[in-house]
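**Q** Just passing along the structure, written as structure tokens.
In full-length UniProt numbering, the protein residues as written are 1 to 95.
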């Protein structure tokens, strides 16, 4: 490996104080526009200072995993029937 000659040859590193892209707060679609990882990072950035400590981290690795779930996907009203996956947004929307 060749050492850099001057500071302009040093590749930039990520800095913990570096500003990250903030998701839009005007709608759910704007929150998720940059992907779920960016959304979760944003939520963690808001929660950690409020809690006063970092959120716990966990890594889960599985082999031959099979997940089965029974969920209701139908929302019936007096006039229409809609098919939606259960989510916090859909639950609040129909409450």
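Note that beta-carbon positions come from the ideal geometry of N, C-alpha and C, so glycine has one too.
Let me know if residue 6 comes out buried or exposed under the rule of 16 or more other beta-carbons within 10 Å of its beta-carbon.
**A** In this prediction, residue 6 scores a pLDDT of 46, lower than 50, which makes its location untrustworthy; no coordinate-derived value is stated.
**Q** Identify which residue in 44, 61 and 60 has its Cα closest to the Cα of residue 53.
**A** Residue 44 is the option with its Cα nearest to residue 53.
**Q** Assuming residue 23 and residue 42 make a contact with CB atoms under 8 Å, what is their CB distance in whole Å?
**A** Indeed, because the Cβ distance is near 5 Å, the residues count as touching under 8 Å.
**Q** With H, G and I counted as helix, E and B as strand and the rest as coil, what does DSSP make of residue 55?
**A** It is coil, neither helix nor strand.
**Q** Between which two residues does the alpha helix (DSSP H) holding residue 24 run?
**A** Neither: residue 24 is in no alpha helix (DSSP H) and is coded neither H nor E.
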